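All residue numbers for the sequence shown refer to the working numbering, where the first residue is -6 and numbers rise by one.
In this text, a Cβ means the ideal position worked out from N, Cα and C, and glycines have one as well.
Keep in mind that this is a model prediction, so the values were computed, not measured.
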Amino acid sequence: MTIPLQSGIIYGPVNSRRLGRSLGVNIVSTKIKTCTFNCVYCQYGLSRVGEEHMNDIRWYPSINEIIDALENVLTILDPKPAYITFSGNGESTLHPGFPTIIDQIKEIRNTHAPEAAVAILSNSSTVTNKVIREALQRLDKRIMKLDCGNEETFRRYNQPLPNIHLEEIVNGLKQIDDVTIQALFSGGGGGNYTDDNIYDLVAKIKEINPTSVQIYTLDRSYPSALISPLTKTELIKIKNLLDKENIKSAVF
Ligand code: SF4
């Protein structure tokens, strides 16, 4: 079972487990998932746009459309959200205007909801690009995906495009200040809750030295029959391993 894509640019506010009251900003297509990954647990299913469209600006809403949509909602929204969050139908950093959009969204935030933080939920695949790293650094909060500690699990679990490699992502994440890692764990034959992966992942997270790690499991629809949610006890076991390395984390 999966859920439909977001049907517009702005959605919510939603009560997010990890962010509280969050207004979502979807800056990719509303027609098909636009993502460099195809995670086995993706709530939007396993269909995604072809790679040839990902760098084509015509595939995305224009910067003006995005800014107008946010301003229209934020002007009348009461109470204001705690977060304005880049999220939605894929990977926001793929939008060719992403750095400009960040700056313009922050201006609107300053005018209409100065208390709101601007955040992103990203799959981390573009942190190899210096321009994207600099843009991410201008956000108030960066919540970056890292589910896997070795290339074999990464290819099976997150199903990235062929030219994306775990080691390069880890190197990119190491160059970003104040990064929060989000790690989704699942069991079953298709899951990432294996001794090897957990061991390797803790080592990679230690290298990155994040501000904190968000540990969570499946809680909504997912397309693969080969994965299953973990128990709270299993998630806490992962937290205990991070605690031993003095890495701050929380189970959601
Ligand atoms: S990164 Fe997010 S949107 Fe992309 S496939 Fe994975 S879960 Fe889906």
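Residue interval of the beta strand (DSSP E) (run including residue i)
{"i": "Tyr34", "result": "From DSSP, Tyr34 is part of no beta strand (DSSP E); its letter is neither H nor E."}
{"i": "Met137", "result": "134 to 138"}
{"i": "Ala112", "result": "110 to 115"}
{"i": "Leu129", "result": "Unbroken run through Leu129 is the alpha helix (DSSP H), 123 to 130; no beta strand (DSSP E)."}
{"i": "Val163", "result": "Val163 -> not in any beta strand (DSSP E); alpha helix (DSSP H) instead, spanning 159 to 167."}
{"i": "Thr78", "result": "76 to 79"}
{"i": "Gly181", "result": "Gly181 -> no beta strand (DSSP E), and no H or E assigned at all."}
{"i": "Gly5", "result": "3 to 9"}
{"i": "Leu16", "result": "13 to 18"}
Alpha-carbon to alpha-carbon, residue j and residue i
{"i": "Asp188", "j": "Asn233", "result": "14 Å"}
{"i": "Leu211", "j": "Gly90", "result": "32 Å"}
{"i": "Val33", "j": "Tyr215", "result": "8 Å"}
{"i": "Ile59", "j": "Thr204", "result": "30 Å"}
{"i": "Asp140", "j": "Glu45", "result": "26 Å"}
{"i": "Cys28", "j": "Glu108", "result": "30 Å"}
{"i": "Thr68", "j": "Asp96", "result": "18 Å"}
{"i": "Ile25", "j": "Leu228", "result": "32 Å"}
{"i": "Pro6", "j": "Glu100", "result": "19 Å"}
{"i": "Ser80", "j": "Ala128", "result": "15 Å"}
{"i": "Ala218", "j": "Val111", "result": "35 Å"}
{"i": "Ile2", "j": "Ala62", "result": "7 Å"}
{"i": "Thr78", "j": "Ile50", "result": "21 Å"}
Residue environment, residue i, which counts as buried when at least 16 other CB atoms sit within 10 Å
{"i": "Ser9", "result": "buried"}
{"i": "Thr226", "result": "exposed"}
{"i": "Ser0", "result": "exposed"}
{"i": "Val124", "result": "exposed"}
{"i": "Pro72", "result": "exposed"}
{"i": "Tyr37", "result": "buried"}
{"i": "Pro155", "result": "exposed"}
{"i": "Met(-6)", "result": "exposed"}
Short CB-CB distance (under 8 Å) between residue i and chain B
{"i": "Cys35", "result": "Absent from the structure is chain B; it holds one protein chain and no more."}
Short Cβ contact (8 Å threshold) for residue i with residue j
{"i": "Val120", "j": "Ile162", "result": "yes"}
{"i": "Val206", "j": "Ile157", "result": "no"}
{"i": "Ile201", "j": "Ile231", "result": "no"}
{"i": "Val244", "j": "Ile208", "result": "yes"}
{"i": "Phe30", "j": "Gln130", "result": "no"}
{"i": "Ile20", "j": "Pro54", "result": "yes"}
{"i": "Tyr4", "j": "Gly13", "result": "no"}
{"i": "Gly142", "j": "Leu194", "result": "yes"}
{"i": "Arg213", "j": "Gly165", "result": "no"}
{"i": "Ser22", "j": "Ala75", "result": "no"}
Endpoints, alpha helix (DSSP H) assigned at residue i
{"i": "Ile201", "result": "188 to 201"}
{"i": "Phe147", "result": "144 to 150"}
{"i": "Phe245", "result": "Neither: Phe245 is in no alpha helix (DSSP H) and is coded neither H nor E."}
{"i": "Ile101", "result": "91 to 105"}
{"i": "Asp62", "result": "According to the sequence displayed, residue 62 carries Ala and not Asp. That run of the alpha helix (DSSP H) goes 56 to 69."}
{"i": "Thr119", "result": "Element bounds for Thr119: n/a, residue is neither H nor E."}
{"i": "Ile229", "result": "225 to 237"}
{"i": "His46", "result": "44 to 47"}
Practice task
For the segment 219 to 232 and the segment 179 to 186, state whether three or more C-beta atom pairs, one from each stretch, are separated by less than 8 Å.
Solution key: Yes, the segment 219 to 232 is in contact with the segment 179 to 186.
Practice task
Take every Cβ of the segment 114 to 126, pair it with every Cβ of the segment 76 to 85, and state whether three or more of those distances are shorter than 8 Å.
Solution key: Yes, since at least three Cβ pairs between the segment 114 to 126 and the segment 76 to 85 fall closer than 8 Å, the two stretches touch.
Exercise for the section: Would you be able to state if there are at least three C-beta pairs under 8 Å between the segment 163 to 176 and the segment 128 to 138? Expected result: Taking 8 Å as the limit for Cβ pairs, the verdict is that the segment 163 to 176 does touch the segment 128 to 138.
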